[in-house]
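The structure appears below as structure tokens.
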Amino acid sequence: MGQAGALLSNRIFLFSFVLLLASCTNKTPEQTPAGNTETSPKQVRAQAPEFNADSAFQYVKDQVDFGPRVPNTKAHEQCAGFLEKKLKSLGMSVTVQQGNVVNYAGKTLKIKNIMGSFHPANTSRIILFSHWDSRHIADMDSVRKNEPIDGANDGASGVGVILEIARQLQKVSPAIGVDVLFLDAEDTGEPNDMPREQHKEDSWCLGTQYWTKNMPRNYRPRFGILLDMVGAKNPVFPMEGGSMQYAGDVVKKVWATAGDLGFSNLFVYTECPTLTDDHAYINRDAGIPTIDIVDYNPATRDFGSYHHKHSDNINLIDRNTLKAVGQILLQVIYDEPN
Ligand code: AHN
Ligand code: ZN
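Numbered continuously in this note's numbering, the sequence shown closes out at residue 1771.
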């Protein structure tokens, strides 16, 4: 090799070395809660299976087709049977917790919390939650306020995403064990026009409150993720206050994964106030650090325009949203070491 050639290959060597160094630290700009840009290392990610949005959509529709899943109704009973059977067919060990809870009006509701476990012998675990019941009234609507809603987004969407995740887990085993829990009687809260003097504390999330009081002993998964309204078109998922308080590192992990997968438009780096939702009771009473992925606009401080209305039906569901949430969760699961 002549001198020029040696110099050139030296240069190439040096250049590749610099490239290598750069890829090792792999600094990429990232949005911080303050809204400024800073550099942080990008994680090397595992190979995760492809989330199928058509399959998830079908799981959402399967639930909605039973009719509103209001406790003490036939549709509710039938959907419970469907969910139990489906989890079993997807290779999960299934336990159904039955109980009675009392709503704000003093009415007894028969509930079922439905849990599935993948690789139950694995002692390192995470858990995915979603409520599966639908609201008994459309109290945010201007018409048919006393009729139940389909709850395609508020109820069925989270369950649909989790069922599709469960289907993918069968194909390639992740290092971490995964539990899924479909919680009942979340949307039991008092009507929004309830007179002040009749106001009832803790009228929401009755299924979760029952579960935390009667949960499996010594059950301590590493963390939990609650999905609530994860199927509407153009959602906004803020960093919810209670999630930040109890499981800030999980929020950051999930939001960083969302950014890496190109979904930082949906998973915004804006905090919102603490919401009353299933994760609040799980964090406070079950000792499982749990985040809430919930469609809530921190700018307007409101849920989506469909919330607790009859427009929360299957036409609201957007496969792109199911795909984004499902693919991010699969990535988080497969990135998680044992
Ligand atoms: C409030 O309505 C403030 N919290 C109830 C959370 C919820 C209801 N999520 C879905 N439906
Ligand atoms: Zn609701």
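Quick reminder that beta carbons are idealized off the backbone N, C-alpha and C, glycines included.
If I measure Cβ to Cβ from N1625 and keep anything under 6 Å in the same chain, skipping five residues before and after, which residues do I get? D1572
Report buried or exposed for N1469, applying the criterion of at least 16 other Cβ atoms within 10 angstroms of its Cβ. Residue placement at N1469 cannot be trusted, given a pLDDT of 49 that sits under 50; what the coordinates show is reported in the next sentence. With fewer than 16 Cβ atoms within 10 Å of its Cβ, N1469 is classed as exposed.
Just jot down, in chain order, the residues whose CB lies closer than 6 Å to any heavy atom of the ligand ZN. R1568, D1587, D1620 and H1741
Pull the bridge partners of A1665 from the DSSP assignment, please. I1750
Here's a check: name, in chain order, each residue in its chain whose Cβ is nearer than 6 Å to the Cβ of A1713, leaving out the five neighbours to either side. G1675
How big is the Cα-Cα spacing for N1586 and P1501? 12 Å
Please list, in chain order, all residues of the same chain as F1670 whose beta carbon is under 6 Å from its beta carbon, the five residues on each side excluded. L1699, F1700 and I1726
Quick one: residues in its chain with C-beta nearer than 8 Å to the C-beta of F1448, no 5 flanking neighbours on either side, listed in chain order? Any reading at F1448 is ruled out, since the residue's pLDDT is 39, under 50, leaving its predicted position unreliable.
For P1482, collect the residues of the same chain with a Cβ closer than 7 Å to its Cβ; drop the 5 residues on either side in sequence, then sort them by chain order. Q1601, K1604, V1605 and L1763
Opposite L1659 in the DSSP bridges: which residues? F1562 and D1725
To the nearest angstrom, how far is the alpha carbon of N1533 from that of G1695? 43 Å
Any heavy atom of the ligand AHN within a distance shorter than 6 Å of the CB on T1709? yes
When you compare each of D1711, E1704 and N1667 to L1639 by their alpha carbons, which one comes out closest? D1711
Nearest to P1628 by CA position, among A1508, R1717 and Y1537, is which residue? Y1537
Alpha carbon to alpha carbon, how far is I1559 from Q1631? Give it in angstroms, no decimals. 39 Å
Alpha-carbon to alpha-carbon, A1479 and L1453: Low confidence applies to L1453: its pLDDT is 39, below 50, so where it sits in the model is not reliable, and the reading given next is rough at best. Near 20 Å, if we compare the C-alpha coordinates of A1479 and L1453.
Would you say the stretch 1731-1749 touches the stretch 1576-1585, given that touching needs at least three Cβ pairs under 8 Å? yes
Please specify which runs of the alpha helix (DSSP H), each continuous and at least 4 residues long, are wholly inside the stretch 1667-1736, giving them in chain order. 1674-1693 and 1711-1714
For F1551 and G1610, which I take to be in contact (beta-carbon distance under 8 Å), what is that distance rounded to the nearest angstrom? 6 Å
Please list the terminal residues of the continuous beta strand (DSSP E) segment that includes V1497. Note, V1497: premise wrong, no beta strand (DSSP E); alpha helix (DSSP H) at A1486 to V1497.
State the DSSP-derived secondary structure class of Q1603, mapped to helix, strand or coil. coil
Per DSSP, what are the beta-bridge partners of L1542 in this structure? V1534
For the pair the stretch 1492-1499 and the stretch 1538-1547, tell me if three or more CB-CB distances fall below 8 Å. no
So, using beta-carbon positions, are V1527 and K1519 closer together than 7 Å? no
Option nearest V1535 by Cα separation, candidates Q1642, D1693, R1653 and P1731: Q1642
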